[in-house]
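K.L.:
Below: one structure in structure tokens.
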Amino acid sequence: MVAEPTTLYLPQFATVLETEPMTATERYVKIAVDSGESLGHKPGQFVQVSVLGIGEAPISVSSAPTADPTFELVVRNVGNVTAAIHRLSVGAKIGIRGPFGNGFNVDSLKGKDLLFVCGGIGLVPARSLIRYCLNNRSDFGEFTIFFGCKSPQERLFLSELEEWGSRPDVTFRETVDRPHPDWSGHVGVITTLFPEIQIASPKDTVAIIVGPPIMYRFVLIECLNAGIDEEHIVMSLERHMKCGVGKCGHCQINQKYVCLDGPVFTYAEARHLKEAI
Ligand SMILES: Cc1cc2nc3c(=O)[nH]c(=O)nc-3n(C[C@H](O)[C@H](O)[C@H](O)COP(=O)(O)OP(=O)(O)OC[C@H]3O[C@@H](n4cnc5c(N)ncnc54)[C@H](O)[C@@H]3O)c2cc1C
Ligand code: FES
Numbered sequence: 005m006v007a008e009p010t011t012l013y014l015p016q017f018a019t020v021l022e023t024e025p026m027t028a029t030e031r032y033v034k035i036a037v038d039s040g041e042s043l044g045h046k047p048g049q050f051v052q053v054s055v056l057g058i059g060e061a062p063i064s065v066s067s068a069p070t071a072d073p074t075f076e077l078v079v080r081n082v083g084n085v086t087a088a089i090h091r092l093s094v095g096a097k098i099g100i101r102g103p104f105g106n107g108f109n110v111d112s113l114k115g116k117d118l119l120f121v122c123g124g125i126g127l128v129p130a131r132s133l134i135r136y137c138l139n140n141r142s143d144f145g146e147f148t149i150f151f152g153c154k155s156p157q158e159r160l161f162l163s164e165l166e167e168w169g170s171r172p173d174v175t176f177r178e179t180v181d182r183p184h185p186d187w188s189g190h191v192g193v194i195t196t197l198f199p200e201i202q203i204a205s206p207k208d209t210v211a212i213i214v215g216p217p218i219m220y221r222f223v224l225i226e227c228l229n230a231g232i233d234e235e236h237i238v239m240s241l242e243r244h245m246k247c248g249v250g251k252c253g254h255c256q257i258n259q260k261y262v263c264l265d266g267p268v269f270t271y272a273e274a275r276h277l278k279e280a281i
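Start counting the sequence shown at 5; every next residue gets the next number (the working numbering).
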């Protein structure tokens, strides 16, 4: 029998290098693994973050893969563990298991036109892939990013949004759901951005969709109407998780474990999973 790596079950120690609020509910945390080795993640994977004496929560890695031991998370304060992560100071020790999940298949994206559709905190896992692809920009064709939030106060990674908006090789469109005195840009749900662009070659386009469950239903219709193949619509799904390694069944949808078989699924796969979307 092949031995499973201990990081499946045993957290390794890591140290908080930077932490700062991004919005009223989201906090950016930069972490380094104490072993000095790279986390070794792929875009779209997640780690189980444990705060000693409190518990553990799955959180997506938001940074692109690096050779050094640092990586970035963005954590929304919703309960016990996430509130404890918000209270951590620079130098605090935490536990990390993983990286877990399948992540995005970056090789299958090479040579394709990319359309990212990111809603709210969905930008967090998508950013890892966006940054990876921008670091290897010549491997991809047209590069379009849609980002939508309920209000301007929920926008994340402001300097990066500005950079994407100013790059000549990226089409970046942003929207907020409702008019706001602090917002002079596009207003409307994220699907209202679709008429703003021309998908030149739908058969060569991969749509990467990450956002709240309600968003998928409507964005999927837009992508399918635009002629993008079901196999070329890629989504990251979120389910309640405990173990992260296919043992506890918390994340199971039919015969699939979201922690192992996902969280990234094509629409062609997910449409057969009851209640997946
Ligand atoms: C693969 C994956 C990636 C994730 N990535 C991120 C990320 O990058 N940033 C981030 O802030 N959050 C992320 N989450 C969600 C995060 O794991 C939960 O918010 C966290 O587990 C809540 O733990 P808690 O102890 O703070 O809350 P609890 O005290 O356990 O619960 C607080 C509230 O949150 C609800 N809740 C608990 N767990 C989840 C869950 N998994 N999904 C939805 N609602 C939940 C509970 O029902 C309750 O209403 C991710 C989840 C998954 C499965
Ligand atoms: S989280 Fe335990 S099986 Fe997926």
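C-beta atoms are modelled at their ideal positions from N, C-alpha and C, and glycine is treated no differently.
#1: Determine the burial state of Q49: buried for a count of at least 16 other Cβ atoms within 10 Å of its Cβ, exposed for fewer.
#2: Using DSSP with H/G/I as helix, E/B as strand and the rest coil, what is Q202?
#3: What's the call for Y271, buried or exposed, on a 16-neighbour Cβ count within 10 Å?
#4: Quick one: is the Cβ of I125 within less than 7 angstroms of any heavy atom of ligand 1?
#5: In its own chain, which residues sit with a C-beta less than 7 angstroms from the C-beta of A36, not counting the 5 before and 5 after it?
#6: If you reduce the DSSP assignment to three classes, tell me which class K207 lands in.
#7: Counting Cβ pairs closer than 8 angstroms, one from the region 202-220 and one from the region 83-96, do we hit at least three?
#8: How about A211 and V121: are their beta carbons less than 8 angstroms apart?
#9: The alpha helix (DSSP H) that contains M219, what's its start and end?
#10: Report all residues for which the CB-ligand distance to some heavy atom of ligand 1 is below 5 angstroms; order them along the chain.
#11: For ligand 2, any of its heavy atoms closer than 7 angstroms to the Cβ of Y13?
#12: What span of residues does the beta strand (DSSP E) with Y32 cover, start to end?
#13: Taking 8 angstroms as the threshold, find out whether the region 170-180 comes into contact with the region 96-111 through three or more Cβ pairs.
#14: Run through the region 120-177 for me and flag every whole beta strand (DSSP E) of 3 or more residues, listed as ranges in chain order.
#15: Roughly how many whole angstroms lie between the Cα atoms of V262 and S205?
#16: Which residues bound the alpha helix (DSSP H) around I89?
#17: Tell me the DSSP secondary structure of A7 in three-state form.
#18: Under the rule that 16 or more other beta-carbon atoms within 10 Å means buried, what is V191, buried or exposed?
#19: Please specify which runs of the beta strand (DSSP E), each continuous and at least 3 residues long, are wholly inside the region 12-83, giving them in chain order.
#20: Could you pull out every residue in the same chain whose Cβ sits closer than 6 angstroms to the Cβ of G2, ignoring the five residues on either side in sequence?
#21: To the nearest angstrom, report how far apart E242 and R159 are at their CA atoms.
#22: Which class does S188 belong to by DSSP, given the choice of helix, strand or coil?
#23: Thinking C-beta only, is V82 closer than 8 angstroms to V55?
#24: Just how far apart, CA to CA, sit H184 and G124?
#25: Check whether the Cβ of Q256 sits closer than 7 angstroms to any heavy atom of ligand 2, and report yes or no.
#26: On the criterion of 16 or more Cβ atoms from any shown chain inside 10 Å, does C252 qualify as buried, or is it exposed?
#27: Taking C-beta to C-beta, are P15 and H45 nearer than 8 angstroms?
P.N.:
The short version:
#1: It counts as buried.
#2: In the structure shown, the three-state DSSP call for Q202 is coil.
#3: It counts as buried.
#4: Checking the Cβ of I125 against ligand 1 gives yes.
#5: These residues qualify, in order along the chain: A18, T19, L21, P73, T74.
#6: Three-state DSSP puts K207 in a helix.
#7: With a cut-off of 8 angstroms, the region 83-96 and the region 202-220 do not count as touching, because too few Cβ pairs lie within range.
#8: The answer is yes: Cβ separation under 8 angstroms.
#9: 217-229 is the span of the alpha helix (DSSP H), which, as asked, contains M219.
#10: The answer, residue by residue, is F50, A61, P62, I63, S64, V79, R80, V82, G83, N84, V85, T86, V128, E242, H244, M245, P267.
#11: No, the beta carbon of Y13 sits no closer than 7 angstroms to any heavy atom of ligand 2.
#12: Run containing Y32: 30-37, per the beta strand (DSSP E) assignment.
#13: Because the criterion of three Cβ pairs below 8 angstroms is not met, the region 170-180 and the region 96-111 do not touch.
#14: The DSSP assignment places complete beta strand (DSSP E) segments of no fewer than 3 residues inside the region 120-177 at 147-153, in order along the chain.
#15: One C-alpha to the other measures close to 31 angstroms.
#16: 84-91 is the span of the alpha helix (DSSP H), which, as asked, contains I89.
#17: Residue confidence is low: A7 scores 48 on pLDDT, short of 50, so the model does not pin down where it sits. Its coordinate-derived value is still stated next. If DSSP states are grouped into helix, strand and coil, A7 belongs with coil.
#18: Burial call: exposed.
#19: Counting whole runs of 3 or more residues, the region 12-83 contains the beta strand (DSSP E) stretches 16-25, 30-37, 50-55, 59-64, 74-80.
#20: Residue 2 falls outside the range modelled here, since the chain spans only 5 to 281, and no answer is possible.
#21: Looking at the two C-alpha atoms, the distance is approximately 20 angstroms.
#22: In the structure shown, S188 sits in coil (DSSP, three-state: anything other than H, G, I, E or B).
#23: No, these two residues do not count as a Cβ contact at 8 angstroms.
#24: Counting only the Cα atoms, G124 lies some 16 angstroms from H184.
#25: Distances from the CB of Q256 to the heavy atoms of ligand 2 include at least one below 7 angstroms.
#26: Classification for C252: exposed.
#27: Cβ distance not < 8 angstroms, so P15 and H45 don't count as in contact.
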